[in-house]
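Below is one structure, written out as structure tokens; the observations come after it.
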Amino acid sequence: TKSNKVRLLRTPGGRLVHQVVQKKAKGPKCGDCGKRLIGIPALRPMEYRRLKKRERRVNRAYGGSRCAKCVRMRVVRAFLIEEQKCVKQVLAEKMSSAKEPSSKKSSKKK
136 TKSNKVRLLR TPGGRLVHQV VQKKAKGPKC GDCGKRLIGI PALRPMEYRR LKKRERRVNR
196 AYGGSRCAKC VRMRVVRAFL IEEQKCVKQV LAEKMSSAKE PSSKKSSKKK
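Heads up: the sequence shown begins at 136 in the working numbering, then just goes up one per residue.
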């Protein structure tokens, strides 16, 4: 089975013995796009616990979870959404200020 692989190993005494082979690690992937994360070693889950925190992640927002490209996209998206809110607010103020003088003029005519 996958978890029970062995290889033959020759000891210094000349005997052949079985050595249990550990599973190969896939390594961490980006949660958004699924690409391999750069700068983080591909280890088994227990091995990550033995690493220092700085070795488990990249020094960036979402480091160790998302790739740089996806983080950049998130930041740009958040910025554009905020900009859109500001634009909507400015347009609403313009529309309300344009309506007020016209309503005053109409009331004077009557």
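Heads up, the beta-carbon is just placed ideally off N, CA and C, and yes, glycines get one too.
Given residue i, which residues of its chain have a CB within under 8 Å of its CB, disregarding the five upstream and five downstream residues?
i, result
"Lys-245", "Reliability fails at Lys-245, whose pLDDT of 48 lies under 50, so the model's placement of it is uncertain and the value that follows must be treated cautiously. For Lys-245, where only same-chain residues beyond five positions count, there are no Cβ hits under 8 Å."
"Arg-191", "Ile-175, Tyr-183, Gly-199"
"Lys-137", "Lys-158"
Would you identify the three-state DSSP class for residue i, choosing helix, strand or coil?
i, result
"Leu-215", "helix"
Give the range of the beta strand (DSSP E) segment to which residue i is assigned.
i, result
"Arg-142", "141-145"
Do residue j and residue i have their beta-carbon atoms positioned less than 7 Å apart in this structure?
i, j, result
"Leu-144", "Gln-157", "no"
"Ala-160", "Arg-179", "yes"
"Cys-165", "Arg-201", "yes"
"Cys-221", "Asp-167", "no"
Taking C-alpha atoms, which residue in the options lies nearest to residue i?
i, options, result
"Ile-173", "Arg-209, Arg-142, Val-193", "Val-193"
"Ala-177", "Pro-236, Leu-215, Thr-146, Gly-162", "Gly-162"
With respect to the alpha helix (DSSP H) encompassing residue i, which residues constitute its N-terminal and C-terminal limits?
i, result
"Tyr-183", "180-185"
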